[in-house]
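A.B. asks: Starting off with a structure, shown below.
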Amino acid sequence: MEDLVTYIATSLVNDPSQVKVRRRVTNSAIILELKVAPEDIGRVIGKDGRVANSIRALLRVAETGQKRGKRIILEIS
């Protein structure tokens, strides 16, 4: 899943070298922390959060296919 988020983010931003994805696992959730350059945050979030919500939807579908039963949380900073 980290690879999926990295691929999408690097496709959207102006400075792909600043894209970092970190994964944390808790008992009930998998948290993916996406860090991009400050000037690229708007591109990743999108107007009214549409891009971020679309990435989250793709992550939910990917998680459902793997049947882990954990919640996916995407944090963007």
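Residue numbers (the numbering used here): 246 to 322.
Don't be surprised by glycine CBs; every beta carbon is placed ideally from N, CA and C.
This structure is a prediction, so every number in the text was calculated from the model and none was measured.
1. Whole-angstrom Cβ separation of Thr251 and Val270, contact assumed at under 8 Å?
2. Just curious, the alpha helix (DSSP H) that Val250 is in, first and last residue?
3. Taking the DSSP output, what are the residues bridged to Arg267?
4. Are Leu216 and Leu277 touching if we call contact CB-CB under 8 Å?
5. How would you call Val266, buried or exposed, if buried means at least 16 neighbouring beta carbons within 10 angstroms?
6. Straight-line CA distance for Ala254 to Val289?
C.D. replies: Reading from the atomic positions:
1. Between Val270 and Thr251 the Cβ distance is about 18 Å, and since that is not below 8 Å, they are no contact.
2. 247–257
3. Glu278
4. The requested residue 216 is not part of the displayed model; the chain covers only 246 to 322.
5. buried
6. 7 Å
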